[in-house]
Structure formats: structure tokens, C-alpha cells
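First to last, the sequence lines map onto chains Y and L. Adding 39 to a residue's 1-based position in the first sequence gives its number in our numbering. Adding 51 to a residue's 1-based position in the second sequence gives its number in our numbering. Below: one structure, written as C-alpha cells.
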Amino acid sequence: MSKIFLVLEREFLTRVRKKSFIIMTILAPLLFAGLMVVPMIIATMDDTKERSIAVIDDSGLFKNKITETEYLKFVYLDGVTVSDIQSTFSESGYYAVLYIGSMVANTPDAVILYSDKQPSMDITSHISSAIKNEIETQKLKTYDIENLDDILKSIKTNVRVRTIKWSKDGEAKESSSELVFGLAYILSFLVYMLIFMFGSQVMRGVIEEKTSRVVEVIVSSVKPFQLMMGKILGIAAVSLLQIVIWLILTFGLVSAAGSIFLDSSKKVVAQKETVTNLMEQAGVAQTVTEAADQPSFANEMMTALSNINFVLIIGGFIFFFIGGYLLYAAMFAAVGSAVDSEADTQQLILPVTIPLILAIVVMVSGLKSLDGSLTFWFSIIPFTSPIIMITRLPYGVPTWELALSAALLVISFVAITWLAAKIYRVGILLYGKKHTWKEMWKWIKYKN
Amino acid sequence: MDILITRNIEKRFSNHLALDDVSIAVPQGTIYGLLGPNGAGKTTLLRIINQITGPDRGEVHCFGRPMQANDIYSIGYLPEERGLYKKMKVGEHAIYLARLKGLSRPEALKRLKFWFEKLEIQGWWNKKIEELSKGMAQKIQFVVTVIHEPKLLIFDEPFSGFDPINANIIKNEIIELKKKGATILFSTHNMGSVEEMCDYITLINKSKNILSGHIDQVRQQYGSNVFELTFKGDLRKVSESLTANYELVSHTEEMGQVKANIKVNEYSTDNRLLNLVIPVAEIIGFRQVIPSMNDIFIQVVQEYNKTHRQS
Chain Y
40 MSKIFLVLER EFLTRVRKKS FIIMTILAPL LFAGLMVVPM IIATMDDTKE RSIAVIDDSG
100 LFKNKITETE YLKFVYLDGV TVSDIQSTFS ESGYYAVLYI GSMVANTPDA VILYSDKQPS
160 MDITSHISSA IKNEIETQKL KTYDIENLDD ILKSIKTNVR VRTIKWSKDG EAKESSSELV
220 FGLAYILSFL VYMLIFMFGS QVMRGVIEEK TSRVVEVIVS SVKPFQLMMG KILGIAAVSL
280 LQIVIWLILT FGLVSAAGSI FLDSSKKVVA QKETVTNLME QAGVAQTVTE AADQPSFANE
340 MMTALSNINF VLIIGGFIFF FIGGYLLYAA MFAAVGSAVD SEADTQQLIL PVTIPLILAI
400 VVMVSGLKSL DGSLTFWFSI IPFTSPIIMI TRLPYGVPTW ELALSAALLV ISFVAITWLA
460 AKIYRVGILL YGKKHTWKEM WKWIKYKN
Chain L
52 MDILITRNIE KRFSNHLALD DVSIAVPQGT IYGLLGPNGA GKTTLLRIIN QITGPDRGEV
112 HCFGRPMQAN DIYSIGYLPE ERGLYKKMKV GEHAIYLARL KGLSRPEALK RLKFWFEKLE
172 IQGWWNKKIE ELSKGMAQKI QFVVTVIHEP KLLIFDEPFS GFDPINANII KNEIIELKKK
232 GATILFSTHN MGSVEEMCDY ITLINKSKNI LSGHIDQVRQ QYGSNVFELT FKGDLRKVSE
292 SLTANYELVS HTEEMGQVKA NIKVNEYSTD NRLLNLVIPV AEIIGFRQVI PSMNDIFIQV
352 VQEYNKTHRQ S
């Protein structure tokens, strides 16, 4: 055990000190953060195009009360319903339709903005603050001016503008489902890439040890299995460190960029409404502090957040990534042990990578129908489960399925590591020939 | 006492027998040479002794009992194919290998300092392995093999890759290790080093042990009763004086001195030969011709291969 640790330590330290590791660790979060922040900046950039928004006001409180800006005009329509305007929307020339429900004073989400485009954050935050101010003003009027503190407290109101997008076939879709979709897509793709990236690092490491003949020197004092496990675990430690740094840096960069580019009101909206789930998670604290004053909004946010269970998703992501990595790393190590140079790996590596590629294909098609039996089985079978289970996770997975999949993954990684170690043990000491899977199968049956 | 014994070792790879019933016994405190042509099975035997691979049959006894897993801490093994991590620094690498042998970091550092000074390679400590020449890397390999002061040292081709000067340094270090009480088992093609260093040898050919024993006995065994007679005088007179029990094998003549190789058959002795030639020549020297290990190696292997091709 202590020898596995010594090998682990060397693998970890030499990799972490490499320039390529440091560059990757810093550049990747810049890229991630860029992907999140740039749309945010674009969404909040000043728009110079004049837009008119149709207002359907069931409450009757807001006629000509919503403040107009240089580029944003409001047209108040009477006796028209949302469904009336939906059919003729594209010809109407309106940028969006603002629906204000009759109970707007008490139920903040009675305000809905319909459009065939994604309304910019500027517009939604402008509308929400205008309506909020108007309601507060109206409420203030109904009180005596005495006991102002109490009054202010009691009239505190919030308006949340939900954006619902009409697709061409007239279907309405909440933006947040795209959020879950994006989350599933990005995370499962990330697992795929990381398994490939770190798995082939294991393979390259084995080949390097073999071609430089250092392996003979090492196995004179360490069992081949210890050397293999030390390498696999060392690289696992590197990957975990890298992922944690990525998460922290991405968070830091996004919130730093957020506070620089967006003023506070916009930022709150931005954090709650758009772009990333990570950002939503950051918003949790805010939501909780506001919860006392704004029960309905807070409840809604909390239910939305519990639909996206971040503890489960991040925990699941790390578990299935590590499990999948360990499963594949052992196979990558076995392949590395059977060749003399990286160029020889292509043919041997194919059986290892096919399940991974298959998983990605199923992931892309499966995202449309997540309840299908295809995605179910692929999320249970260990070779594809690290990717497909991550795809399903944001949509919610029954506990027994999760437990079954996790247990199968652990069992198969132990079994595969055991088999791979047998191949590895023979392969690392044979030089000068490219070996086939058939020969490797024979090696499994060798004694010692 | 024998520090290392292998009994009837057999190892088969998919389509050939690498070791066939190989037994050797290495006495404590000696230098034991493992000879044999390429591919004879020497490296496989050394790998089995070091528990890198297991034998299909047979057993290894070490330190007076069946070999145990942690015996490798008491063995220093320098493999034939030896390399180092190219990107690591020399000192860091040496410490890593020493720690794998079971030394603590401070202890490893202390002993490495000692050896680096002894071999005058202190300046390499912060160099990267890839900056070293092959011979320089070999020296590092040698140091980390002996760093944990094992009782049994096993070197697979220790002199390959060294220039004569460094080979000599390593040879002297090995002899010094023996003086300090270590037992050394090494494989080699360098017959000169065998004659200079080894107490015992084993010759492995085609997976079999075909010759084992103390080096003096082996050379006596193949001595074939040829004597070298150096004298001043007439070669013709000498050869005429020889009876049927003697045969003049070869001769050379240089500056008035004749060197004649004379074979004595089993019916006579070297003393009787001297009695015959003293009256006819002025004897300067007389000695038994002992074949070099090189000659024995070639002779034994060729004879073995001839007889086994026929069978």
C-alpha cells in the first residue's frame, strides 16, 4: 500500500509541475467563464433599436404607467387575449407581448413576456422594476403616511418576469428546461472528454515507462499491480485537483466578471434568470436571505432549485467520472502495456473506445426522449453509465436506478482492473512486438 | 552456506520453453557468474529470482528458506533493460528509487550523497536524466541498485554500456561489495570479467544449465593436459625425444626461444615429460595450459549444440 502511495506521489507531482498542466488549469476556466460571461455581456449591451411591446393588462392598473425609454415603447391593447395575438404575432411587428395578470399585486409571476426571440435582460429587468415600482406606489397610496416603517415593510413586493418562448409550432417552453438540457449535455460531454483525456494519459505513461525501460527498474522493487494502480490513482488525483480548480476559478471569474460588467440590479436578474446553472447555484444564498420578505418568489426558486439538485449532480458527476475513469484507465493501461509506441495503439484501443463513443451517440439522441428504454439500459450498463447517467441526472433519476448503476460500476471496475493487471504484468516486460487482443487474452490465463 | 538456491526451475512462454529444469546454488560471500549465449534464458532466471515473473515449476530458496515476498528488500537487482524517467532530475529520481526500496527520504538522501561523492558525480544532482549519457545513467542505476545495502546483489549485464574506464570502476566497486560481505550474482558476455571476478559460474544454453561449478575446477576440467614448454635449443631434438605418450600440438619460435605446446596422454605425467626433454634442451619455463573462459564457453556451447541437434 505504501508503495502504491509512493508511485502515486511521483505521478501526481511530476504531472502537476508540468507547464502543460498549469496552462490547462488556468486556460480552461477562462474559456468556460468566457462562454458564460460573453452571452451575459451581449444580453445586457445597450440596444439602440426601437422596440414596441404589446401590453395586455388584465389587472387594469398599468395603463400608460410603465415608463418608456428611448428605445422601448409600450402599446396598451384592450380586449385582446394572449392566444388572439399569438397567431398573428409575427406579422404584428411587436417585439414581444407583455401579459399582466389580474392578481399581479399579490402573485408576482402573473407577469409574462411572450416573444419569438429571447428577450434581452435589459428589457425584462426594466419591465420588472417598472411594474414593481408601480405596485409599490399604488400600495403606498392606500396607507396613511404615519408609521412609515411598517408601511414600507408591508408593501415590499417583487416581480419576476418569466420568459416563455413560442416555438414555430406554437408550443410554449420555459427557458429553464433549456438550462437542464444544457446542463445534461455539457456535463455528460465533459465526463466523456475527461475519461478520454486522463485515460490516454495513463496509456501514454505506461508506454513511456515501457519504451524508456524504466519499468524493469521499478518492478524490481514494486509489484506490477502496485505500479499500475499507483499510476491510475495518481492521475485520478491530478484530474480531481484540476476539476476542483476549474470549478473554483470558473466561479470566481464569472462572479468577478458579473460584478464588473453588470450593475447590481441587472446582475441579480442575470444570476437568477440566465446563462448557467452554476450561477443559479451562486444565487441560492441570495434567495435564502430574501426568503423572509418574499415567500412566493423564494418558494418558487427553491422548488426550481430542488428540481435541479446541485449536490446530487455535482456529487454524481464526480462519482461517475471517477468510476468511469477507473474502469477505462485500467483498460488503457493494459493497451499501453501491449505496445511499444503510441502509434501502435490505434487498433488495440478501438474496443476500449467504442463503448465511450456509443455512449455519446446515445446521449445526443437520448436527450430528446429520456424515458426511453435505450437511455435506461445505457445508464445501467457500466461501460456507458458514467456518461448516460450524468445525462439523466439533471432530469431526476429514481434512487434504485442510481444505486444499481453505481454498484455495477464499482463491481465492474474492480473486475476490469483485475483482468487488466494480468495483461499489464506480462505486457510491460515484452518488447519489440505489437500484440493482439488474442494474445492479451492468453496473458490473462498465465500464472503469476 | 548457499544464500540462493533455485531448484528445477521451469518456465514456459506461449510457444517456447525459456527455462528447463534449471538449478543453481550461490554460496554466500561469493561472486557468481551466469553465462550463456543470447536468448539462453539468463534474464528469465534472474526475473524469477526477483519475483518479477513466477516459475511454472520449481522453487527458489533465499537466505536459507523458501523465498518470501519481502525478500526483495534484501536483494538489489540491476535489470538488463534499464531506463530512467527522462524528465526527472537525477537527485529526485535517485531518491524515488531508493524510497521504493524501502528507505526513508532522509536516509536515502544521506546514502546517495555518500555514493555520489564516491563516484564523483555530485555535479549531476540537479541535471535532468535526459541530459545524461548512457554511461552516466548506468552509474546512477548502479548506485540505486546497491543503495539499500542488500545482502544479495543481482546484476544483469552490469558492464554493457560502459567504457573500459567506467567498467573498471564498476568492477572494483563490485569486488569491494563482496569484501564487505555481499553476495553477487551477475550475468555477462564479458568473459574477461568472469575470469577476474567470479568464484563460481553457471553456463546456461538453450534453457538448460549445462555447466556449473567453481571457476578453477571448471578450467581444470577443460584443461585437457596440455603443457607449455619454453626452452632454448633445437625443436627437432626435443620432438625426437618424445615417446608415443606425448604429442606436439603446436609451437612458436621467437628470439631463440621456443614455446611448444605438448599434450600428455593418460599413460604419462608432466614429470616424465620433463625428464625426457631436460637432456636435450635448456628449459626456461614449464606450465600447464589452462583454457580461457572464452574458449571453454565456445567449446561447451558448440559441443552441446552439436550433440543436441543430432538427438
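Just so it is clear, CB atoms sit at the ideal spot from N, CA and C, and this is done for glycine as well.
Can you find a CB in chain L that lies within less than 8 angstroms of the CB of V261(Y)?
yes
For I271(Y), tell me which candidate among F113(Y), S298(Y), M242(Y) has the shortest Cα-Cα distance.
Restricting attention to F113(Y), S298(Y), M242(Y), the CA atom closest to the CA of I271(Y) is found in M242(Y).
Member of E247(Y), Y463(Y), A398(Y), Y367(Y) whose CA lies at the smallest distance from the CA of Y224(Y)
A398(Y)
Of all Cβ atoms in chain L, is any one closer than 8 angstroms to the Cβ of V403(Y)?
no
From the DSSP output, in three-state form, read off K357(L) for me.
In this structure, DSSP gives K357(L) a helical state, which the three-state scheme calls helix.
Near-chain Y residues of the stretch 131 to 145 of chain L (beta-carbon distance less than 8 angstroms), N- to C-terminal order:
E131, E132, R133, G134, L135, Y136, K137, K138, M139
With D71(L) as the anchor, note down where its beta strand (DSSP E) starts and where it stops.
For D71(L), the enclosing beta strand (DSSP E) starts and ends at 67 to 78.
Where T94(L) sits in the DSSP three-state scheme:
Note: T94(L) maps to helix in three-state DSSP.
For N276(L), three-class secondary structure by DSSP
coil
Does the distance from the CB of I151(Y) to the CB of Y133(Y) come in under 8 angstroms?
no
The stretch 244 to 254 of chain Y contacting the stretch 446 to 462 of chain Y, beta-carbon criterion three pairs below 8 angstroms:
These segments do not touch.
Does the beta-carbon of Y318(L) have 16 or more other beta-carbons within 10 angstroms, so that it is buried, or is it exposed?
exposed
Consider the Cβ of L280(L): report whether some Cβ of chain Y lies at a distance smaller than 8 angstroms.
no
May I have the straight-line CA-CA distance separating I396(Y) from D96(Y), to the nearest angstrom?
52 angstroms
If contacts are defined as beta-carbon pairs under 8 angstroms, then I252(L) and V269(L) qualify, I think. What distance do you get, rounded to the angstrom?
6 angstroms
Opposite L183(L) in the DSSP bridges: which residues?
DSSP output for L183(L) lists no bridge partner at all.
How far does the alpha helix (DSSP H) with R49(Y) in it reach, from first residue to last?
41 to 55
For H302(L), the first and last residue of its enclosing beta strand (DSSP E)
Note, H302(L): beta strand (DSSP E), 297 to 305.
Cβ closer than 8 angstroms: which chain Y residues qualify as neighbours of R150(L)?
L45
Can you list, in chain order, the residues of its chain whose CB lies under 6 angstroms from that of T196(L), leaving out five sequence neighbours each side?
Within the same chain, T196(L) has close Cβ partners G127, L129.
Could you name the residues of chain Y that Y83(L) contacts, counting a contact when the two beta carbons are closer than 7 angstroms?
None at all; the shortest Cβ gap to chain Y is about 18 angstroms.
Can you confirm whether K481(Y), when its beta carbon is compared against all beta carbons of chain L, has any partner nearer than 8 angstroms?
Taking Cβ atoms only, chain L reaches closer than 8 angstroms to K481(Y), which makes this a yes.
How would you list, in chain order, the residues of chain Y whose beta-carbon sits under 7 angstroms from the beta-carbon of N101(L)?
Chain Y residues near N101(L): S259.
Just mark N101(L) as buried or exposed, buried being the case when its beta carbon has 16 or more other beta carbons within 10 Å.
buried
Give the DSSP-derived three-state secondary structure of N145(Y) in the structure shown.
Under the three-state reduction of DSSP, N145(Y) is assigned to coil, being neither helix nor strand.
If we ignore side chains and look at the alpha-carbon of each, how far apart do R56(Y) and I257(Y) end up?
22 angstroms
Could you check whether the Cβ of I198(L) sits closer than 8 angstroms to any Cβ belonging to chain Y?
no
Same chain, Cβ closer than 7 angstroms to H265(L), five either side skipped, listed in chain order:
D250, Y251
For S168(Y), the three-state DSSP class (helix, strand or coil)
In the structure shown, S168(Y) adopts helical secondary structure according to DSSP, grouped into three states.
Identify, in the order they occur along the chain, each residue of the same chain with its Cβ nearer than 6 angstroms to the Cβ of N241(L), setting aside the five sequence neighbours on each side.
Same-chain partners within the cutoff: F210.
Count the other CB atoms within 10 Å of the CB of A382(Y); is the residue buried (16 or more) or exposed (fewer)?
exposed
Please report how far the alpha carbon of G174(L) lies from the alpha carbon of K473(Y), in whole angstroms.
40 angstroms
On the DSSP bridge list, what partners appear for C5(L)?
There is simply no residue 5(L) to check, as chain L begins at 52 and stops at 362 in what is shown.
Any Cβ of chain L within less than 8 angstroms of the Cβ of S59(Y)?
no
Helix, strand or coil: which one does DSSP assign to N219(L)?
helix
Can you find a CB in chain Y that lies within less than 8 angstroms of the CB of S65(L)?
yes
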